[in-house]
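Report on one structure; see the data block that follows.
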Ligand code: ATP
Ligand code: MG
């Protein structure tokens, strides 16, 4: 369905605001102008839920999560950053594999099955986007995903 992602992402984040711990702040960097994308809303909500719940799970308290949308030439890039323990460089690709759970300090105590990011990857691939993570150990993690803009031209 054709969706203006500006109000859509605000709405999704509003739901997180209601459920999160008070000591975690969510900063939004979302452009004002409409951005129309072709997407499956329920599926993209699931992607954001999976990434945001990791960010909240690994955030220190107090902590800030930054949610950013960057408009590029033919796609948008969304980034979600936390100030958590980070992920070792050699594990950054593995976290998108099914059942993979990095042995970073807190992940053993913090529950989970290791499916969240694998599901997110599947959904983003189905939308012809990309998903990846960047991290600095001890500083935090940023998960990025892209979604193509609706192109004006049809055909080729
Ligand atoms: P589930 O999402 O199924 O409840 P999970 O959170 O362990 O379980 P994923 O969301 O796929 O699984 O994440 C895989 C692993 O990647 C996590 O176990 C954790 O080790 C690491 N990870 C993911 N996000 C972060 C983050 N923001 N900071 C630090 N480590 C992370
Ligand atoms: Mg998870």
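Numbering (full-length UniProt numbering), first residue to last: 453 to 608.
Note that the Cβ used here is the ideal one computed from N, Cα and C, for glycine as well.
- Residue 506 sits buried, since 16 or more C-beta atoms from the chains shown fall within 10 Å of its C-beta.
- Sixteen is the threshold: since fewer than 16 other Cβ atoms of the shown chains lie within 10 Å of the Cβ of residue 471, the residue is exposed.
- Residue pairing by DSSP places residue 455 opposite 489 in a beta bridge.
- In this structure, DSSP gives residue 568 a helical state, which the three-state scheme calls helix.
- C-alpha of residue 599 to C-alpha of residue 492: approximately 11 Å in a straight line.
- Those residues that bring their Cβ nearer than 6 Å to a heavy atom of the ligand ATP are 502, 506, 507, 510, 534, 536, 537, 539, 547, 552, 553, 554, 556, 559, 564, 565, 566, 567, 568, 569, 570, 593.
- As computed with DSSP, residue 522 is found in a beta bridge with 529.
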